[in-house]
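Enquirer: Dumping the structure here so I can ask a few things about it.
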Amino acid sequence: METQFQSLEDEIISGKDISVPDFLKAWLAKPKLNFVGNQLCESNSKKVYCNINPATEEDICWVVLSDKTDVAKSIQVARDAFNKGEWSQLSQRERAKIVKRLGELIIEHRAPLAILESLDTGKPIFESFEGDIPRSASNFQFFAEFAEDEEKLVFQNLQDEHTAFREPLGVVALITPWNLPLYLATWKIAPALMMGNSIVLKPSELTPLTACYFAELTQKAGLPSGVFNVVHGFGDKSAGEFLVSDPGIDAVSFTGETSTGRAIMRSAAVGPTRISFELGGKGATIIFEDADILEAVEETLKAGFRNQGQICLATPRIFIHKNIYSKFRNLFVEKANQIKVGNPLNYSTRMGSLIGREHWEKVMGYVCKVEEPMKILSGGDRPREIRKGAFLAPTIIENVPLDHPISREEIFGPVVSLYSFQNEGEVIKEVNDTQYGLSASIWTTDLDRAERVSRAVQSGLVWINCWFARDLRVPFGGQKRSGIGREGGKHSLDFFSDWKSVCVRRKK
Ligand code: NAD
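Using the numbering used here, read the sequence shown as starting at 4 and increasing by one per residue.
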């Protein structure tokens, strides 16, 4: 489909270093404001913070820092819109038309959105243009179609008829992280809208741009004023905390670190408010000796280094059967060294920068802990040819003790450890020896073994001979300290709605 941004799309995929187009420069020159009741609003505090491009370390734009009164106002506006009923009282079929339109608008604006996402996060434009932004659009298409028809349950007995149907909750708070900004925000926005709620979104302070741009698209789509609102600011003792601790919020859907989940749970006790948490992970890949090694190497490289390893579903721990350890390791290291790390605004780049200097230092803190007998097989620092920015070459470490912080803690960067194992029982025990339980991949041609191991692994998601394959109807979420609740298909709709049951006594 030809879009108004066709020439920009052509430029992106041309493989040249692209520069930010003038119309986006002009957009970025204005401070990024809250979006409340279809209006851009400054903060009452008049405070702003500077948003930085992690790849160039240059300033991108100013962003408002919301205070408690700004957050309270956004909740009130959302509540008023909810009570007005222009959205909450529509049928799901009527809502689906606008929700689908949001998906179409994201596709039409794919090029500017992809550029903004790469500027903000440092991720390769290939990733944002081919992955994050189309997936954000499909979140709307999927939930619009999935929830288009009203769900109604009817139970009859001799005397009575019981019916049950969904109702919206009211005003929901969405708190999202920086690693997949628009992708994860829309994963919550789409079902929350389809269920008729009003929304206050607090995107990560590190990546506010696509939320700002998207807010303007909601106006174009015709979403009634006040149904979708965005407030900017930090988390702790800032906009995030003000939002989740406000008794005017009916539900909090949060994706982020496990430790933040703990803080939000305390804040949400004020309601008590319904919560859904998608938290941290320490995924594992298990490669048995009968695996297709070439395929396992290719997919595991993506699982380790895609999005600079900053994916909750990434696989920082790779367990390889001792008989194929050397073969797998050599090939894995060879291919990791071929990954093109560099300018995020070049379509051929496959790894960009981490989210920022602070996070780079945190990740490097782990790499600096490597000591005998541990060994860095590749990476371990910023690639030599890159002089600034939060870049880290794909880093592979072996001989890491299982009780070492590198094995146990969520690093959330392009750092992967290799472990050799002897048998199934041993590897299952080692994989499960973590507080997290989000995802695991198993590589084997023995499907009986694959099924047995997939049941034994303590993890919300298990892939067999693949990684990151998703069907949006499937329950998504973590076991143990990786989450509370599930997203996806019916699970998202359940979270963002309440069932009402009505009983009618029939005349005798
Ligand atoms: P984070 O927890 O630091 O921040 C996430 C969001 O929470 C931000 O918007 C932040 O401002 C806000 N926040 C922070 N403290 C808050 C508080 N006290 N009250 C309310 N809001 C608060 O996470 P991050 O660093 O942005 O993202 C990385 C983390 O997210 C990793 O742990 C990763 O595993 C996790 N993650 C999980 C999934 C999943 O599906 N399980 C997906 C993506 C990322």
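No residue lacks a Cβ here, since even glycine has one placed at the ideal position from N, Cα and C.
Considering only heavy atoms of the ligand NAD, does any lie closer than 7 Å to the CB of S270?
Expert: Walking along the sequence shown from the start, residue 270 turns up at place 267. At least one heavy atom of the ligand NAD is nearer than 7 Å to the Cβ of S270, so yes.
Enquirer: Should I267 be counted as a contact of the ligand NAD given a C-beta to heavy atom distance under 7 Å?
Expert: Here residue 267 is taken as the residue at index 264 of the sequence shown, counted from 1. Yes, the Cβ of I267 comes within 7 Å of a heavy atom of the ligand NAD.
Enquirer: Please list, in chain order, all residues of the same chain as S228 whose beta carbon is under 6 Å from its beta carbon, the five residues on each side excluded.
Expert: As a first step, residue 228 is located in the sequence shown; it is residue number 225 there, counting from the start. The answer, listed in chain order, is G40 and N41.
Enquirer: Can you name, in chain order, every residue of its own chain whose Cβ lies under 7 Å from the Cβ of P386, other than the five neighbours on each side?
Expert: Here residue 386 refers to the residue found at position 383 when the sequence shown is read from its first residue. Taken in chain order, the residues that qualify are V344, F394 and A396.
Enquirer: Are there any heavy atoms of the ligand NAD lying less than 7 Å away from the beta-carbon of N54, as far as the coordinates show?
Expert: Within the sequence shown, the letter at position 51 stands for residue 54. Because no heavy atom of the ligand NAD lies under 7 Å away, the Cβ of N54 does not count as near it: no.
Enquirer: Taking only the alpha-carbon atoms, compute the straight-line gap between D73 and V234 and give it to the nearest angstrom.
Expert: What you label residue 73 is simply residue 70 of the sequence shown in a count that begins at 1. What you label residue 234 is simply residue 231 of the sequence shown in a count that begins at 1. If I take the Cα positions, the gap works out to 8 Å.
Enquirer: Tell me, please, which residues DSSP counts as bridged to E401.
Expert: Within the sequence shown, the letter at position 398 stands for residue 401. According to DSSP, which records beta bridges pairwise, E401 is partnered with K378 and L421.
Enquirer: Less than 7 Å separating the Cβ of C44 from some heavy atom of the ligand NAD?
Expert: Working through the sequence shown from its first residue, we reach residue 44 at position 41. It does not: the Cβ of C44 is nowhere closer than 7 Å to a heavy atom of the ligand NAD.
Enquirer: What separation, rounded to the nearest whole angstrom, lies between the Cα atoms of V66 and P127?
Expert: Translated into positions along the sequence shown, residue 66 becomes position 63. Translated into positions along the sequence shown, residue 127 becomes position 124. Taking the straight line from one Cα to the other gives about 23 Å.
Enquirer: Near S495, which residues of its chain fall below 6 Å by C-beta distance, leaving aside the five closest residues on each side in sequence?
Expert: Residue 495 sits at position 492 when you count from the first residue of the sequence shown. Contacts found: P194.
Enquirer: Does N142 pass the burial test, meaning 16 or more other C-beta atoms within 10 Å, or should it be called exposed?
Expert: By 1-based counting over the sequence shown, the position of residue 142 is 139. Result: buried.
Enquirer: Should W466 be listed as close to the ligand NAD, given that the test is whether its C-beta is under 7 Å from any heavy atom?
Expert: Here residue 466 refers to the residue found at position 463 of the sequence shown. Not under cutoff, so the answer is no.
Enquirer: Which term fits K510, buried or exposed, when burial requires 16 or more other beta carbons within 10 angstroms of its beta carbon?
Expert: The residue given as residue 510 occupies position 507 in the sequence shown. Counting Cβ neighbours within 10 Å, K510 comes out exposed, since fewer than 16 surround it.
Enquirer: Tell me the start and end of each unbroken alpha helix (DSSP H) in the segment 49–123 that is at least 4 residues and wholly inside, in chain order.
Expert: DSSP runs (the alpha helix (DSSP H)) wholly in the segment 49–123: 71–87 and 95–111.
Enquirer: Go ahead and pull the three-state DSSP assignment for W470.
Expert: Mapped onto the sequence shown, residue 470 falls at position 467. Coil.
Enquirer: May I ask you to check if the CB of I487 is nearer than 7 Å to at least one heavy atom of the ligand NAD?
Expert: The residue labelled residue 487 in the question sits at position 484 within the sequence shown. Outside the cutoff, so no.
Enquirer: Tell me the DSSP bridge mates of I178?
Expert: Position 175 of the sequence shown, counting from 1, holds the residue named residue 178. K205 and F257, per the DSSP bridge assignment.
Enquirer: Beta carbon of L177: closer than 7 Å to some heavy atom of the ligand NAD?
Expert: In the sequence shown, counting from the first residue as 1, residue 177 sits at position 174. No, the beta carbon of L177 sits no closer than 7 Å to any heavy atom of the ligand NAD.
Enquirer: Helix, strand or coil for V366? Go by DSSP, reduced to three states.
Expert: Position 363 of the sequence shown, counted from the start, is the residue given in the question as residue 366. If DSSP states are grouped into helix, strand and coil, V366 belongs with the helices.
Enquirer: Is any non-hydrogen atom of the ligand NAD found closer than 7 Å to the C-beta of N182, if you look at the structure I gave you?
Expert: Taking the sequence shown and counting its residues from 1, one reaches residue 182 at position 179. Checking every heavy atom of the ligand NAD against the Cβ of N182, one is found closer than 7 Å.
Enquirer: Below 8 Å between beta carbons: does that hold for K223 and L108?
Expert: Residue 223 sits at position 220 when you count from the first residue of the sequence shown. Residue 108 sits at position 105 when you count from the first residue of the sequence shown. Contact: yes.
Enquirer: According to DSSP, simplified to helix, strand and coil, what is H494?
Expert: Here residue 494 corresponds to residue number 491 of the sequence shown, with the count starting at 1. Helix.
Enquirer: Below 6 Å CB to CB, which residues in the same chain sit around K50 once its five sequence neighbours on both sides are set aside?
Expert: Here residue 50 refers to the residue found at position 47 when the sequence shown is read from its first residue. If we look at K50 and ignore the five residues flanking it on each side, its Cβ neighbours are L68.
Enquirer: So K103 packs on A147, CB below 8 Å; how close in whole Å?
Expert: Here residue 103 refers to the residue found at position 100 of the sequence shown. Here residue 147 refers to the residue found at position 144 of the sequence shown. About 4 Å; that satisfies the 8 Å criterion.
Enquirer: Straight-line CA distance for G225 to E111?
Expert: Stepping through the sequence shown from its first residue, residue 225 is reached at position 222. Stepping through the sequence shown from its first residue, residue 111 is reached at position 108. So the two alpha carbons sit approximately 16 Å from each other.
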